[in-house]
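Here the protein sequences line up with chains A and B, keeping their order. In terms of my numbering, the first sequence has 116 at position 82, counting the first letter as 1, and numbering is strictly consecutive. In terms of my numbering, the second sequence has 165 at position 147, counting the first letter as 1, and numbering is strictly consecutive. Note that beta-carbon positions come from the ideal geometry of N, C-alpha and C, so glycine has one too. Given the structure is predicted, the values throughout are model-derived calculations rather than measurements.
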Amino acid sequence: MNKDKELEELFLAQKPHFDDNEAFIASLNKRLDAVEYVKQHQEATIRRYKWAMVAAFVVGIISGAITIAFVLSMPAEIPLFSFSARSAVLVWLSEHSRIIVTTALSLFMGFAVFSIFGNVMDIVKMRKRVMEIH
Amino acid sequence: MTREGFIALVEREQEALRGFLLYLCCGNKDEADDISQDALVKAYLSSAGYQEKGRFRSWLFKIAHNTFLNHKASCRTTESLDEARTLISNTSADASFAHQDLYLALRTLPPKERSAITLFYLNGYNIKEIAAITDTSEDAVKKQLSRGRDKLKEKLKP
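Right, dumping it as structure tokens:
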């Protein structure tokens, strides 16, 4: 497509010039400072969150393992809990209290590990986004 | 890209970028500078994805063009030509006063035609480059240029 000479000359004759270039760059630098500040804050938050997750994971695994070991080390003939009422279901629950408590604890730990794993994946994604910004 | 490197490139290209946006904003310097700053912050944030092989200016213009369209979409105000005339008259006590007719004529064009015309006549890009910057086909750019040129010539008739 050919250029329209008249229009081209009009545009070129009226090419804008700016005499506040330094002020513009100074203003841009201010904005970039704010962006950097937010970025650093985000990174610090992510870092703290990551360590909190690692600590929760380790503490959870250790305390869960200790509790399960404690439950399993108790005498098998003494139930962990018993009921004053006598019914077949409650008696069965009392007789199998160790297994029930251990299973409940294991399920809870499994759920906690799963949640922490999900959170860690979120952190990895957030970090990736922040790294892309860099 | 480091911040210093980015600023150095921006210092080199800022006049072209601000001029482009000034034309897109039809002479409204404050609005143009605001959009320029927004576009440059966006460019800085995505500068990791910038490929050195591409021209920095084209890449910057692409971001600026998208920022301008988003800005226009977010404030869909339909100002009449008379309002535009008043606005420009009030804010152009400086050199931009001389550009009033061209700005007023540009204001009658839809944003995409305005972009194509400005990139073609002010910044000297060819159709292929404009298509890349505005993310449209070359045929669409040709149509925009043709329609825009006809409208401009009609408006600028003495």
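Kindly list the residues whose CB is nearer than 8 Å to the CB of residue i, restricted to its own chain and excluding five residues on each side of it in sequence; keep chain order.
{"i": "Arg-36(B)", "result": "Ala-50, Asp-51, Ser-54"}
{"i": "Ile-95(A)", "result": "Met-143, Val-147"}
{"i": "Ala-149(B)", "result": "Ser-155, Glu-156, Ala-158, Val-159"}
What separation, rounded to the nearest whole angstrom, lies between the Cα atoms of residue i and residue j?
{"i": "Cys-44(B)", "j": "Lys-173(B)", "result": "14 Å"}
{"i": "Val-28(B)", "j": "Phe-52(A)", "result": "14 Å"}
{"i": "Gln-162(B)", "j": "Asn-144(B)", "result": "13 Å"}
{"i": "Ile-100(A)", "j": "Ser-131(A)", "result": "17 Å"}
{"i": "Ala-65(B)", "j": "Ile-59(A)", "result": "Per the sequence presented here, residue 65(B) reads as Ser, with Ala not at that position. Taking the straight line joining both Cα atoms gives about 17 Å."}
{"i": "Met-19(B)", "j": "Leu-66(A)", "result": "14 Å"}
{"i": "Asp-156(A)", "j": "Val-72(A)", "result": "19 Å"}
{"i": "Lys-84(A)", "j": "Ser-61(A)", "result": "35 Å"}
{"i": "Thr-154(B)", "j": "Leu-127(B)", "result": "17 Å"}
{"i": "Val-69(A)", "j": "Asp-56(B)", "result": "11 Å"}
{"i": "Ser-175(A)", "j": "Val-92(A)", "result": "The displayed coordinates of chain A run from 35 to 168. Any statement about residue 175(A) would go beyond what the structure contains."}
{"i": "Ala-158(B)", "j": "Lys-37(A)", "result": "17 Å"}
{"i": "Ala-26(B)", "j": "Met-160(A)", "result": "29 Å"}
{"i": "Gly-166(B)", "j": "Glu-77(A)", "result": "47 Å"}
{"i": "Leu-87(B)", "j": "Pro-129(B)", "result": "7 Å"}
{"i": "Phe-117(A)", "j": "Val-123(A)", "result": "10 Å"}
{"i": "Ser-24(B)", "j": "Pro-176(B)", "result": "The residue asked about is misnamed: residue 24(B) is Phe in this sequence, not Ser. Using only the alpha carbons, I get a separation of about 44 Å."}
{"i": "Asp-48(B)", "j": "Asn-84(B)", "result": "18 Å"}
{"i": "Leu-170(B)", "j": "Gly-142(B)", "result": "17 Å"}
{"i": "Pro-109(A)", "j": "Trp-126(A)", "result": "17 Å"}
{"i": "Ile-80(A)", "j": "Ile-134(A)", "result": "38 Å"}
{"i": "Asp-168(B)", "j": "Arg-73(B)", "result": "31 Å"}
{"i": "Pro-50(A)", "j": "Asn-46(B)", "result": "12 Å"}
{"i": "Val-158(A)", "j": "Ala-103(A)", "result": "33 Å"}
{"i": "His-75(A)", "j": "Leu-78(B)", "result": "27 Å"}
Going by beta carbon distance, what residues of the same chain come within less than 7 Å of residue i, once the five residues before and after it are set aside?
{"i": "Asn-153(A)", "result": "Met-87"}
{"i": "Gly-98(A)", "result": "Leu-139, Met-143"}
{"i": "Val-59(B)", "result": "none"}
{"i": "Ile-150(A)", "result": "Met-87, Ala-90, Phe-91"}
{"i": "Ala-34(B)", "result": "Arg-75, Asn-141"}
{"i": "His-89(B)", "result": "Ile-53"}
Of all the CB atoms in chain A, is at least one closer than 8 Å to the CB of residue i?
{"i": "Ser-107(B)", "result": "Confidence is the limiting factor: at Ser-107(B) the pLDDT is only 48, short of 50, which leaves the residue's position unreliable and the question unanswerable from this model."}
{"i": "Tyr-68(B)", "result": "no"}
{"i": "Arg-73(B)", "result": "no"}
{"i": "Tyr-143(B)", "result": "no"}
{"i": "Ile-148(B)", "result": "no"}
{"i": "Ile-25(B)", "result": "yes"}
{"i": "Ser-110(B)", "result": "Residue placement at Ser-110(B) is poorly supported in this model, since its pLDDT is 46, which falls under 50; the coordinates are not used for a value here."}
{"i": "Leu-63(B)", "result": "yes"}
{"i": "Leu-58(B)", "result": "yes"}
{"i": "Arg-21(B)", "result": "yes"}
{"i": "Ser-98(B)", "result": "The predicted position of Ser-98(B) is uncertain, since its pLDDT is 49 and thus under 50; a value taken from the coordinates is nonetheless stated next. Chain A, which has no Cβ nearer than 8 Å to the Cβ of Ser-98(B), makes this no."}
Report yes if the C-beta distance between residue i and residue j is below 8 Å; otherwise report no.
{"i": "Ala-82(B)", "j": "Leu-39(B)", "result": "yes"}
{"i": "Thr-137(A)", "j": "Leu-106(A)", "result": "no"}
{"i": "Thr-152(B)", "j": "Ala-123(B)", "result": "no"}
{"i": "Leu-41(A)", "j": "Tyr-62(B)", "result": "no"}
{"i": "Glu-147(B)", "j": "Ser-76(B)", "result": "yes"}
{"i": "Thr-136(B)", "j": "Tyr-68(B)", "result": "no"}
{"i": "Leu-46(A)", "j": "Leu-120(B)", "result": "no"}
{"i": "Leu-32(B)", "j": "Asn-63(A)", "result": "What sits at residue 32(B) in the sequence shown is Gln, not Leu. Contact flag unset, no."}
Name, please, each residue of chain D whose Cβ falls closer than 9 Å to the Cβ of residue i.
{"i": "Gln-32(B)", "result": "Absence of chain D from the displayed structure is noted, the protein chains being A and B."}
Would you say residue i faces chain B, with C-beta separation under 8 Å as the test?
{"i": "Phe-45(A)", "result": "yes"}
{"i": "Asp-38(A)", "result": "yes"}
{"i": "Leu-41(A)", "result": "yes"}
Among the residues of its own chain, which have a CB less than 6 Å from the CB of residue i, if the five just before and after it don't count?
{"i": "Arg-21(B)", "result": "none"}
{"i": "Lys-80(B)", "result": "Ile-151"}
{"i": "Ala-119(A)", "result": "none"}
{"i": "Phe-115(A)", "result": "Ser-131"}
{"i": "Arg-163(A)", "result": "none"}
{"i": "Pro-113(A)", "result": "Ser-128, Ser-131"}
{"i": "Asn-108(B)", "result": "At Asn-108(B), the pLDDT of 47 sits below 50, so the modelled position is not reliable; the number obtained from the coordinates is stated separately. Hits under 6 Å: none found."}
Discussion item. Beta carbons nearer than 8 Å to chain A: which residues of the segment 35-55 of chain B have them?
Written reply: Arg-36, Gly-37, Leu-40, Tyr-41, Asp-51, Ser-54, Gln-55
Worksheet item: Of the residues that make up the segment 64-89 of chain A, which ones have a beta carbon closer than 7 Å to any beta carbon in chain B?
Response: Arg-65, Leu-66, Val-69
Worksheet entry | Positions along the segment 162-173 of chain B whose CB lies within less than 8 Å of some CB in chain A | Leu-163, Ser-164, Arg-167, Leu-170, Lys-171
Worksheet item: Going along the chain, which residues of the segment 123-140 of chain B sit with their C-beta nearer than 9 Å to a C-beta in chain A?
Response: Ile-135, Thr-136, Phe-138, Tyr-139, Leu-140
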